[in-house]
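Participant: If you scroll down you'll find the structure; I have some questions about it.
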Amino acid sequence: MTRANTGGRHVEALSVVVPVLNEAGNIEPLVGEIRAALEGRLPFEIVYVDDGSRDETPAILARLARAVPMLTVVRHRLACGQSAAIASGVRAARYPWIATLDGDGQNDPADIPKLIAALEDDATPATLRMAVGWRTRRNDDWLRRLSSRVANAVRAAALGDATPDTGCGLKLFPRTLFLELPQFDHMHRFLPALVRRQGALSVSVPVAHRARTRGSSKYGVYNRLWVGIVDLAGVAWLKRRMCIPIIEGPCAETPSAADPGSKEK
Ligand SMILES: Nc1nc2c(ncn2[C@@H]2O[C@H](COP(=O)(O)OP(=O)(O)O)[C@@H](O)[C@H]2O)c(=O)[nH]1
Ligand SMILES: [Mg+2]
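Here you go:
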C-alpha cells in the first residue's frame with residue numbers, strides 16, 4: 004500500500020504521556036494495560052507526569068520506574084494543572100509521536116492502536132495530524148454527562164472545530180505540533196481547535212470509557228464550566244488573530260510542525 008497522501012504520518016515510535024494528580028491506586032494497573040496494548044506493536048515509552056501529588060503517587064512511581072525500563076517519571080514540585088503536566092510530559096518525551104491518556108483508568112489503553120490506525124489511514128486528508136478519542140458511551144454521572152454535552156455543543160458552535168468530544172484524555176499527535184501550540188491552563192481541552200489554527204486537521208475515533216474505580220475526580224461543574232467560558236473566549240480570539248503565511252522562495256523547504264520528524268529535539 005502506498006502512503007502518498009499521508010505526509011509522513013506513520014507512527015513509528017510513541018511516547019505515552021499520562022498526567023496524574025493523586026492517582027496512587029490507578030498507576031500500577033494502568034502501566035500494565037499500556038504495556039499490554041503496545042508491546043510487540045511498536046517502540047514506545049511511558050512518561051508519567053506527577054503534578055505535585057500528596058498521596059502515594061510519587062512513591063509508587065519511583066518504585067515502578069526502577070522496575071519498568073520504559074517508564075520515565077517527571078514531577079512538578081507544586082501542582083500546576085493538567086495542561087502544564089501534559090506539556091512537561093511532551094517536552095520530556097523522546098519519540099516523535101505522543102499519545103495522551105488520563106491516569107485514572109477511565110480511558111482504555113487498548114484504544115491507542117485504534118487512534119494510530121485512524122491517523123495512518125491513507126484515505127484521510129493529507130493535513131490530518133491528530134486523532135482524538137470520542138467517548139460515545141460516557142461512564143460518568145448524569146451531571147458530568149450533561150455539563151459535558153452542553154460544553155461540547157457550545158464549543159463546537161463557537162469554534163467550528165468539528166469535534167464531538169474534545170475533553171477525552173485519549174489523543175494522538177506529533178510532538179513538534181504540540182510544542183508549537185499556545186500553552187495555557189486547560190489548553191488540553193481545546194487541542195482540535197488549536198491544531199486547526201496551525202492549518203492541520205484532527206479525526207475523532209470512537210473509544211471506550213470506563214467508570215472510575217479508584218481515587219476521585221479532580222473536576223466538578225464549577226472548576227470546569229466557568230473556566231471553560233473564559234477559555235472559549237480566549238481560544239476564539241487566538242483563532243481570529245492567526246494568519247498562516249505561505250512561504251515562497253528557498254525557505255519554502257523549511258520543515259513545518261505538521262511533520263513529526265522535522266525538527267531537532
Ligand atoms: N497533572 C495533573 N493531572 C490532573 C489534574 N487534574 C486532573 N488530572 C488528571 O487528569 C485525568 C482526568 O482527571 P479526572 O479528575 O478523572 O477528570 P474527569 O474524568 O473529567 O472527572 C486524571 O488522570 C487526573 O489525575 C491536575 O491538576 N494536574
Ligand atoms: Mg476521569
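Taking this note's numbering, the leading residue of the sequence shown gets 4, the next gets one more, and so forth.
We treat Cβ as the ideally placed atom computed from N, Cα and C, and that holds for glycine.
Residues in the same chain with beta-carbon distance under 6 Å from Ala-196, minus the five sequence neighbours each way, listed in chain order, please.
Facilitator: By one-based count along the sequence shown, residue 196 stands at place 193. Answer for Ala-196: Leu-162, Asp-164 and Val-238, listed in chain order.
Participant: Rounded to a whole number of angstroms, what is the C-alpha to C-alpha distance between Gly-35 and Pro-22?
Facilitator: Position 32 of the sequence shown, counted from the first residue, corresponds to residue 35. Position 19 of the sequence shown, counted from the first residue, corresponds to residue 22. Rounded to the nearest angstrom, the gap between the Cα atoms of Gly-35 and Pro-22 is 16 Å.
Participant: Buried or exposed for Gly-43, please, with buried defined as at least 16 other CB atoms from any protein chain shown within 10 angstroms of its CB.
Facilitator: As a first step, residue 43 must be located in the sequence shown, where it is residue number 40. Gly-43 is exposed by the Cβ-count criterion.
Participant: Let me confirm a value: Trp-229 is counted as buried when at least 16 other C-beta atoms fall within 10 Å, else exposed. Which label applies?
Facilitator: If you number the sequence shown from 1, residue 229 lands on position 226. Exposed: under 16 other Cβ atoms inside 10 Å.
Participant: Strictly by DSSP, which residues pair up with Ala-102?
Facilitator: Counted from its first residue, the sequence shown places residue 102 at position 99. Ala-102 pairs with Val-19 and Leu-175.
Participant: Do the CB positions of Thr-179 and Gly-108 come within less than 8 Å of each other?
Facilitator: The residue labelled residue 179 in the question sits at position 176 within the sequence shown. The residue labelled residue 108 in the question sits at position 105 within the sequence shown. No. Outside cutoff.
Participant: If you check the beta carbons only, do Leu-74 and Ile-49 fall under 8 Å apart?
Facilitator: Your numbering for residue 74 matches position 71 in the sequence shown. Your numbering for residue 49 matches position 46 in the sequence shown. Yes, the Cβ-Cβ distance between Leu-74 and Ile-49 is below 8 Å.
Participant: With DSSP run on the structure shown, which of helix, strand or coil describes Pro-209?
Facilitator: Position 206 of the sequence shown holds residue 209. Of the three classes helix, strand and coil, the one that applies to Pro-209 here is strand, per DSSP.
Participant: Could you give the uninterrupted runs of the beta strand (DSSP E) lying entirely in the stretch 74-142, keeping only those of 3 residues or more?
Facilitator: 74-78, 100-103 and 131-138
Participant: Nearest-angstrom Cα distance between Gly-231 and Ala-154?
Facilitator: Your numbering for residue 231 matches position 228 in the sequence shown. Your numbering for residue 154 matches position 151 in the sequence shown. C-alpha separation (whole angstroms): 8 Å.
Participant: Consult DSSP for Tyr-51 and reduce its assignment to one of helix, strand or coil.
Facilitator: For the purposes of this step, residue 51 is identified with residue 48 of the sequence shown, where counting begins at 1. Here Tyr-51 sits in strand by DSSP.
Participant: The alpha helix (DSSP H) that contains Val-14, what's its start and end?
Facilitator: Counting from one through the sequence shown, the residue named residue 14 turns up at place 11. No alpha helix (DSSP H) holds Val-14; DSSP gives it neither H nor E.
Participant: Would the beta-carbon of Arg-138 be found less than 7 Å away from any heavy atom of ligand 2?
Facilitator: The residue labelled residue 138 in the question sits at position 135 within the sequence shown. No, the Cβ of Arg-138 stays beyond 7 Å of every heavy atom of ligand 2.
Participant: By Cβ distance below 6 Å, which residues in the same chain neighbour Ser-205 in space, the five residues on each side in sequence not counted?
Facilitator: Within the sequence shown, numbered from 1, the residue matching residue 205 stands at position 202. Within the same chain, Ser-205 has close Cβ partners Met-133, Val-135, Pro-195 and Val-198.
Participant: Can you find the residues in the same chain that come closer than 6 Å, C-beta to C-beta, to Asp-58, ignoring five residues on each side of it along the sequence?
Facilitator: Walking along the sequence shown from the start, residue 58 turns up at place 55. So the qualifying residues of the chain are Asn-25 and Ala-27.
Participant: Hey, out of Arg-38, Gly-218 and Cys-254, whose CA is closest to Pro-46's CA?
Facilitator: Working through the sequence shown from its first residue, we reach residue 46 at position 43. The residue with the shortest Cα to Cα distance from Pro-46 is Arg-38.
Participant: Quick check on this structure: which residue in Glu-15, Val-19, Asn-29 and Leu-33 has the alpha carbon closest to the alpha carbon of Ser-219?
Facilitator: Translated into positions along the sequence shown, residue 219 becomes position 216. The shortest Cα separation from Ser-219 among Glu-15, Val-19, Asn-29 and Leu-33 belongs to Asn-29.
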